[in-house]
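Please read the structure below before turning to the comments.
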Amino acid sequence: MDILITIILIIVAALIGAAIAGYVAFQRGRQAGLAAEQERQRATLQNAEQRAAQMLTEAEAEIRRRELNLKEEEVRMRDEMDAEMTRRRKDLDRSEQRLQSRQENLDKRMDQLEARERKQNQREKRLDQQEEQLSKAEEERNTELQRVARMTEEEARAELLKEVEKKARHEMARTIREVESEAQETAERRAREIVTLAVERVASEHVTEYAVSTVNLPSDEMKGRIIGRQGRNIRAIEQATGVDLVVDDTPEAILISSFDPVRREVARIALSKLVADGRIHPARIEKEVERAQQEVDQVILEAGEQALIETNTQGLHREIQKLIGRLKYRTSYGQNQYYHAMETAYLAAVIASELHADVKTARMGGLLHDIGKAVSHEIDGPHALVGAEIAKRYGVNSKVINCIASHHGEVEPESIEAVIVAAADAISGARPGARRESLEAYIKRVTALEDIGNSFTGVKETYAIQAGREIRVIVRPEDLDDLEVIELSKDIAKKIEDNLEYPGQIRVTVIRETRSVSHAK
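So this is what it looks like as structure tokens:
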């Protein structure tokens with residue numbers, strides 16, 4: 047029993063020793079774990095501190111970068127604001143200059159109006175004074191006549207009225223001359239400004255052209271091949287094209303004669319191709335003429351479309367386009383009518399814009415004003431009326447029709463656009479280099495001008511100067527007074543307009559000169 051107890055005690059002691067040893071080992075392990083955990087936490091903390099320092103550094107760098115971006119954006123916005131302020135300041139300066147210029151113009155106009163008003167007042171005062179003087183002279187003369195000549199009151203009044211009428215006519219002629227001179231000066235200045243602006247903005251490249259009416263040949267032997275056996279080839283060409291071929295002594299050339307410029311062009315193209323190919327016989331001639339006709343028709347259509355595009359007048363009938371294209375082969379005094387029509391459209395548009403008129407109507411009227419010349423060889427009548435009838439047939443605006451019909455005076459203009467088109471036509475035809483004239487026609491026109499001037503009563507001599515653009519009419523002073531001279535200049539201008547055709551305008555200057563000569567001995 048004791049042994050058992052002793053064994054139990056030994057076992058208990060062993061268990062207790064083992065438990066104590068385990069507890070001691072546990073405490074030692076726990077301490078080691080705690081140390082390792084502390085070491086790991088210290089390492090973690092150190093890593094966290096390093097990461098925090100790195101993140102702080104990156105955050106500071108990001109803040110600096112954003113601050114730089116903000117500063118750059120601020121600088122850019124400040125530059126844009128400065129540029130905008132500069133632009134607005136310049137706009138304000140320009141507006142201020144325009145306003146100042148308008149103010150100066152208004153001041154000048156006011157000064158001119160005041161000056162005119164002062165002149166008018168002076169004229170009225172002068173007329174009042176003259177009227178008073180005339181009244182006094184009338185009374186004095188009436189008394190004197192009754193005293194000296196023993197005239198009746200009615201006879202004296204008739205004599206006095208005759209003398210007053212004579213003086214009044216001279217005074218009226220002087221006043222009319224002053225008013226006309228002032229009005230003409232103002233109108234010429236304004237017209238000169240508008241015409242100069244229009245010509246400057248419309249600088250034409252085209253000068254006079256000569257109609258191509260000859261075909262060059264490689265040799266004179268080709269003339270025989272063109273004529274053909276018993277003239278069959280030349281007859282075939284003339285029948286197919288409707289032109290006349292003139293084969294004369296001109297070396298290496300054949301003359302094409304026709305009043306139709308389109309037929310002449312078709313003949314020229316076909317004949318040039320036949321000469322280049324060398325095979326000339328009736329069948330070949332018909333084929334080449336047909337091809338040339340198609341080529342010319344295509345050129346006409348394209349030219350009409352191009353004219354509408356360049357002048358911004360789309361929407362016209364296709365037949366109108368073809369007629370505009372036909373003007374490409376039409377000339378007047380050497381001026382190509384196709385380019386003349388477009389130039390007139392440009393000038394009319396510029397002038398209408400300056401005068402605040404209908405620019406579209408003026409432009410279209412300028413483009414179509416000579417459309418009648420495209421068919422003037424086929425239809426009798428003035429080309430202006432023929433063109434107006436064609437335009438009416440294809441639904442053109444009535445104001446444009448009046449522009450076409452009135453640009454040479456056959457019809458009275460019904461709008462300011464019609465007057466503008468007539469002026470633009472005259473500018474285009476009268477500019478230097480636009481037209482040419484034969485010597486025979488020039489001499490005939492100058493002679494006709496002098497004959498018209500000499501046909502009036504009281505005219506002593508008439509001279510045409512400046513290439514027929516001005517005539518000087520010298521009158522006998524004892525036959526005409528100042529008022530009749532003014533009427534004479536208008537009558538001569540009207541007769542020239544009614545009886546002559548001429549490019550541009552002709553100035554009529556009537557000179558009445560009185561000379562008194564005496565000799566000292």
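If you count by the working numbering, then the sequence shown holds residues 47 to 567, one letter each, in order.
No residue lacks a Cβ here, since even glycine has one placed at the ideal position from N, Cα and C.
Beta-carbon to beta-carbon, SER304 and VAL293 are separated by about 15 Å, too far to satisfy the 8 Å threshold. In the three-state reduction of the DSSP assignment, ASP528 falls in the helix class. Taking 7 Å as the cut-off, the Cβ atoms of ALA329 and VAL312 do not count as close.
Just so you know, the alpha carbons of ARG76 and GLU95 end up roughly 28 Å apart.
TYR384 is positioned such that its CB atom lies closer than 7 Å to that of LEU373.
Residues LEU354 of the same chain have their beta carbon placed closer than 7 Å to that of LEU362, with the five preceding and five following residues left out of the count. Inclusion of ALA437 and ILE450 in the CB contact set at 7 Å is warranted, their separation being smaller than that value. Around GLU348, the same chain offers GLY371 as residues with beta carbons nearer than 8 Å, after the five sequence neighbours per side are excluded.
In the same chain as LYS368, and ignoring 5 residues on each side of it, the C-beta atoms closer than 7 Å to its own belong to ILE346, LEU347 and GLY350, in chain order.
Here ILE62 carries a helix assignment [DSSP, helix/strand/coil]. From the listed residues GLY514, GLY504, LYS165 and GLU83, the smallest Cα separation to ILE489 is found for GLY514.
The residues GLU298, in chain order, have a CB closer than 7 Å to that of SER265 in the same chain once the five nearest residues on each side in sequence are set aside. Spanning the alpha carbons of TYR69 and ALA89 requires a straight line of approximately 30 Å. The Cβ-Cβ distance between ASN500 and THR493 does not fall below 7 Å.
Collapsing the DSSP output to three states places THR555 in a strand. Annotated three-state conformation of THR407 is helix, per DSSP.
Between the beta-carbon of ALA430 and that of GLY418 there is about 6 Å, and that keeps the pair under the 8 Å contact cut.
Under the three-state reduction of DSSP output, SER501 falls in the coil class, being neither helix nor strand. Rounded to the nearest whole angstrom, the CA to CA distance from GLU458 to ASP416 is 17 Å. The beta-carbon distance between VAL446 and GLY411, rounded to whole angstroms, is 5 Å. This is short enough to meet the 8 Å contact definition. In the DSSP annotation of this structure, LEU263 is not part of any alpha helix (DSSP H), being labelled neither H nor E. For ALA299, the pairing in a beta bridge is given by DSSP as ASN262. With a 10 Å radius around the Cβ and a threshold of 16 neighbouring Cβ atoms, ALA434 comes out buried. Ranked by how close their Cα comes to the Cα of LYS333, the residues SER378, ALA316 and GLU118 have ALA316 in first place.
Judged by beta-carbon spacing, ASP295 lies beyond the 7 Å limit of THR390, meaning their Cβ atoms are not closer than that value.
With contacts defined by Cβ atoms closer than 7 Å, PRO307 and ARG364 do not form a contacting pair. ALA387 and LEU414 have their alpha carbons spaced roughly 7 Å apart. In the same chain as ALA510, and ignoring 5 residues on each side of it, the C-beta atoms closer than 7 Å to its own belong to VAL492, LEU495, GLU496 and ILE517, in chain order. Within the same chain, no residue comes within 7 Å of ARG162 by CB-CB distance, once the 5 residues on both sides are set aside.
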